[in-house]
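Engineer:
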Amino acid sequence: MPPSPPPLSPPARRRRFRAGAVGAALAVVASTVSAVPVAPALAEPVAYEDYCAPAGCLDILPPGQNGSATLVEILGHQVFGTRPAYSSSQLDMYDELVHQYDNLTEERLDEFFQDATFGVGDAGVDREYRPREDVTITRDARHGIPHIEGTTREGTMFGAGYAAGEDRLFLMDVLRRVGRGELTSFAGGAEGNRGLEQDLWATAPYTEEDKQAQIDRVADSGERGAQALADVDSYLEGVNAYIAESDKGRYFPGEYVLTGHKNAITNAGEIEPFTPTDVVGIAAMVGGIFGGGGGGEVQSAIVLANFQDRYGAEEGLELWRAWRMENDPEASVSVDGEFPYSQTPDDPVGEVIPDAGSVEPYDIVHDEYGSAASDASVAAAESVSDEEVPGADAPTVDDLTEEQRAELEEMAEEGDLSAAEGIFDDGVLPEGFLDPRGMSNALLVSGEHTESGNPVAVMGPQTGYFSPQLLMLQELQGPGISARGASFAGVSFYVQMGRGVDYAWSATSAGQDITDTFAVELCETDGSAPTTSSRSYVNASGDCVDFESLSVSNDWTPTIADQTPEGGYTLTSLRSDYGLVRSFATVDGAPVAFTELRSTYMREVDSILGFQRFNDPDEITSAESFTEAAGDIGYAFNWHYVDDEDIAFINSGSNPMRIEGTNPNLPIDASSSAGWSGWDPATNEADYHPKEDHPQQINPDYIVNWNNKPAQGYTSGWSTGSVHRNDLLDARVSGLIGEGHRFTTASLTATMMEAGVADLRAEQVLPLLLEVIDSEEVDDPELAATVDSLRAWVDGGALRREPHRDAGYYDHADAIRVLDAWWPILVRAQFEPGLGEDLFTQITRAASVDESPARNGHVGSAFQYGWWSYVDKDLRTVLDREVDGTLGDQAYCGEGDLGDCRTVLLDSLAQAAAVPAGEVYPGDGNCSAGDQLCADTVIHQSVGGIDMWPIHWQNRPTYQLVYEFSGGR
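When we follow this note's numbering, the leftmost residue of the sequence shown carries the number 50, and every step to the right adds one.
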């Protein structure tokens, strides 16, 4: 058993308001949200051996470390524009790089990144405290990062949990409620909350027994599994200790009051302690968003059927394969070699195509009442708010005048919380949060091409923008663990991306196919004829059984934070041996259910073993040992590694071995011989491809990845072809190497940043469009001027960037407006006449047409999915250029005639040029109609009571690491 905690003194550096019930209840944090109790005795500091090169260990995670706020701090933010210390200290640094990357030097990197060497370094100590005798937490004075040092492993894990509670408690609670499918009953019935919990319950519903079984299996798997469970238990002890202390001291997050779970005056109510099964739920949510892949086979089948209806069975199949682009020879890849996986077999068996028009999506929502039934919700803001979000110079509550602090106290004493009314009316997390998307990038250059002779890496995950951030920074030092970096809130017992003693690592979402769709025969247990309304199926043993119903009921009432009227519903997912039901249909007239089976379903926590190994300095001693450890990660990620000698790439994931003849790119007949080798329906365990089958490479000249195809042969999703946003990285890095450039951490960072403000369409496709147009002179003067503006933008670098900070407009703003308007018009004009309206529409449902920043909802990430490859290949065909992997034997633009194609382009361009800015950028609650720059801006979604200011658009990792090591063990 760990030692008992030492006696605790009153919370330090925390202002109390004047005596009285509210004054005692609402303590204000002066320098950090948690106001941690400080133990009287401190452990001796430890000097760490560090192998970072000068300007070689840096990272950044906006907006800031402090992700918690008391009720008074939330009121202070809403009334006086205050913001808790360290809650936004990294946001301006992060944003400034967009404006300052030109001629960037190593000496200036610390203006845009923080020091990531071990210990607090030159930042100095803000606070040092011991939540119990065997762990010391030291927070630096610059950003408040917790540096956790344990004399025992249990203490280290306890400290990690305690720090997580300090920095992310309410967010952690939100995430576990999402994992339980209970977000609305916790945070309110806003439409965004409803959509999010419905998405999760449709893809990863679990009973508590399911979650516990996963924990038990990992714990019983061996020494590392047992250690992992012990680590989680100690971590949760720390989380729950902080909950108990903050509850007793009344400095818990104020959102608990605003959502009705705590009473600010009496302190009545409960903050529920965390359990190991909560960790499973959070892991399932995080893994499903960032580490999933595959699915969508029903829509692929519908597209195939439409191709065959239009062109006949044989030609339709060939065209479908061409448009599907599962292994396009021109696709951007990250490593050399061919790694066959998930390919369509030559002689498939068990393929299923639904009957036309028969697919009926299964709706998991039942028994709605109140606002859920009437679809009533708080009206969303239709106009831009006049209130300006405070910027980087916002004061803390402690900086306010005595009169202002007294005003906040009086508001709380009198129960006047009107300033915080409706802060969650749109939901605590955005609807669509769980939608699969491409994220993250990495640039690694071998020592052969660097100034120092040591490898250089700039990399990180793109996890969206939230306040507080989903990730949190920490340093962990203890027996068997030495790491610093980022972890998702609620599962931060290990660093998930960051650095060890003399190595660093990061991940990008890979998205390979680990999810298959099965067509399951419906039946009736009484032997009567089934229909698509039947809720029984033929299981893996051939018996007719009912689908298992996994249900959760949610009820909500209005609160200060979310004023959605009273309502509720029950969510019911249907589970079969073959996975979760997504739709019903008929196949050759017979009723079926289409189910999706993910290889990591019921195995959400298995990846804990890989992360544990990443953090162990005795385990990771080389690129080879790192790639070996990555084999324990079941989720679909691309892992990138750097030390003082090596760079490496390896793809991870529980890739099921499919039985010969199985086509994973279309629905599979569950009663056929197709499926997964060695599959056990009771546990969802199967035979998996071994590590050597995964794309991997050690020490190429360079590695770049932006969620692109890892290697040839490794089947990709729709439209993964000749143009991909990874080309923005690859062209720059390979070009500089070809010119003999010797990279530094600064020059590689600048390379990343320039790619992060480039418009993929303008850089990679617009030159071809202009080439077709320039085959003759443009007669119309206005149209000629538009063409000239587009050409000037391309010649200027095709960037979406202000000429200087706070300019309020882009360079080449009108050309950007024209292309934003033109792209969807162009795609339709180029392809719909040849494909026909129905087929064109179905393809757009499988492969989205555009993902420009303004169309993507202020999330930063852009240009991952779109028709760029289709447009590129078709135009090169029209221009009689070599195309490896055509879209069939025909060209679509102008039916292949250059002159007719030119007419299509000019007509659609003229139409786009006439679209006013107010229609291209229609405005929202954050931006006025026509405000191009604002439409692109990155806006942090508030998951608590503290908002952030918008920042310049940048297509860039949320958490970013810059690493170069000059030595090693």
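The beta carbon of each residue, even a glycine, is placed where N, CA and C say it ideally should be.
Just so we're clear, the structure is a prediction, and the values are computed from it rather than from any experiment.
Tell me whether the segment 383 to 399 and the segment 609 to 628 touch, counting them as touching only if at least three CB pairs, one residue from each stretch, are closer than 8 Å.
Structural biologist: no
Engineer: Taking all protein chains shown into account, decide if Y211 is buried (16 or more other Cβ within 10 angstroms of its Cβ) or exposed.
Structural biologist: buried
Engineer: How about the segment 256 to 267 and the segment 621 to 634: do they share at least three Cβ pairs that are nearer than 8 Å?
Structural biologist: no
Engineer: If you run the structure through DSSP and keep just helix, strand and coil, what is C983?
Structural biologist: helix
Engineer: Considering only residues of the same chain and omitting the five flanking positions on each side of N503, which have a CB-CB separation below 7 Å?
Structural biologist: A102, G496, D693, E1013, F1014, S1015
Engineer: Is R225 helix, strand or coil when you go by DSSP?
Structural biologist: helix
Engineer: Would you tell me roughly how many angstroms separate the C-alpha atoms of D863 and S838, rounded to the nearest one?
Structural biologist: Straight through space, the alpha carbons of S838 and D863 are spaced by roughly 8 Å.
Engineer: D48 to A213, Cα distance in whole Å?
Structural biologist: No statement about residue 48 is possible, as the shown extent of the chain runs from 50 to 1018 and does not include it.
Engineer: Which same chain residues end up closer than 6 Å to E286 when comparing Cβ atoms and leaving out the 5 residues on each side of it in sequence?
Structural biologist: F207
Engineer: Please go through the same chain and pick out, in chain order, the residues whose beta-carbon is closer than 8 Å to the beta-carbon of L124, but skip the five residues on each side of it.
Structural biologist: Around L124: G303, L457, M460, A461, L466, A468, A469.
Engineer: Quick test of your reading: D159 and D175, contact by CB under 8 Å. State the CB separation rounded to the nearest angstrom.
Structural biologist: With a beta-carbon spacing of about 18 Å, D159 and D175 fall beyond the 8 Å limit used to define contacts.
Engineer: Put D837 into one of helix, strand or coil per three-state DSSP.
Structural biologist: DSSP places D837 in helix when its eight states are reduced to three.
Engineer: Give me, in chain order, the residues of the same chain whose beta-carbon lies closer than 6 Å to that of G527; leave out the 5 immediate sequence neighbours on both sides.
Structural biologist: Result list for G527: G199, R202, T205, in chain order.
Engineer: Say whether the segment 303 to 317 touches the segment 558 to 570, bearing in mind that this needs 3 or more beta-carbon pairs closer than 8 Å, one atom from each stretch.
Structural biologist: no
Engineer: Please classify T1007: is it buried, with 16 or more other beta-carbons within 10 angstroms of its beta-carbon, or exposed?
Structural biologist: buried
Engineer: Between which two residues does the alpha helix (DSSP H) containing E387 stretch?
Structural biologist: Counting along the chain, E387 falls outside any alpha helix (DSSP H), though it belongs to the beta strand (DSSP E) covering 387 to 390.
Engineer: Hey, is the segment 760 to 779 in contact with the segment 515 to 522, meaning 3+ C-beta pairs nearer than 8 Å?
Structural biologist: With the cut-off at 8 Å, the segment 760 to 779 and the segment 515 to 522 do not touch.
Engineer: Using a 10 Å radius around the Cβ and a threshold of 16 neighbouring Cβ atoms, would you call Q1009 buried or exposed?
Structural biologist: buried
Engineer: Kindly identify the DSSP beta-bridge partner or partners of I717.
Structural biologist: E400, F567
Engineer: Rounded to the nearest angstrom, what separates V550 and A332 at their Cα positions?
Structural biologist: Going by C-alpha positions, V550 is about 26 Å away from A332.
Engineer: Are N700 and N687 closer than 8 Å when you measure CB to CB?
Structural biologist: yes
Engineer: Could you check which residue in S138, L817, R894, V964 has the C-alpha nearest to that of P444?
Structural biologist: S138
Engineer: Output needed for E275: all residues of its chain with C-beta closer than 6 Å, excluding positions within five of it in sequence on either side, in chain order.
Structural biologist: For clarity, residue 275 is Ala in the given sequence; the question names Glu instead. The answer, listed in chain order, is A268.
Engineer: For the structure I just gave you, are there three or more beta carbon pairs, one from the segment 874 to 890 and one from the segment 902 to 922, closer than 8 Å?
Structural biologist: For the pair of segments examined, the segment 874 to 890 was found to touch the segment 902 to 922: the number of CB pairs separated by less than 8 Å reaches three.
Engineer: Answer yes or no: do L220 and G993 have a C-beta to C-beta separation smaller than 8 Å?
Structural biologist: Their beta carbons are under 8 Å apart, which means L220 touches G993 by this criterion.
Engineer: Going by DSSP, which residues form a beta bridge with I752?
Structural biologist: According to DSSP, I752 shares a beta bridge with L493.
Engineer: Along the chain, where does the alpha helix (DSSP H) containing A19 start, and where does it finish?
Structural biologist: As shown, the chain starts at 50 and ends at 1018. That puts residue 19 outside it, with no answer to give.
Engineer: Quick one: give me the first and last residue of the alpha helix (DSSP H) that E346 is part of.
Structural biologist: 346 to 360
Engineer: Whole-angstrom Cβ separation of G534 and M546, contact assumed at under 8 Å?
Structural biologist: 5 Å
Engineer: Apply the 10 Å Cβ neighbour rule to Q114 and answer buried if 16 or more other Cβ atoms are within range, or exposed otherwise.
Structural biologist: buried
Engineer: Quick check on DSSP: helix, strand or coil for I902?
Structural biologist: For clarity, residue 902 is Pro in the given sequence; the question names Ile instead. Residue state, collapsed to three classes: helix.
Engineer: Might you give, ordered along the chain, the residues of its own chain that have their beta carbon closer than 6 Å to the beta carbon of R1018, omitting 5 neighbours on each side?
Structural biologist: D551
Engineer: Beta carbon of S420, beta carbon of G238: below 8 Å?
Structural biologist: yes
Engineer: Starting from C593, trace the beta strand (DSSP E) in both directions and tell me its first and last residue.
Structural biologist: 593 to 595
Engineer: Given this structure, state the Cα-to-Cα distance separating V964 from A870, to the nearest angstrom.
Structural biologist: 7 Å
Engineer: Cα-Cα, which of T326, F301, V328 is closest to E319?
Structural biologist: F301
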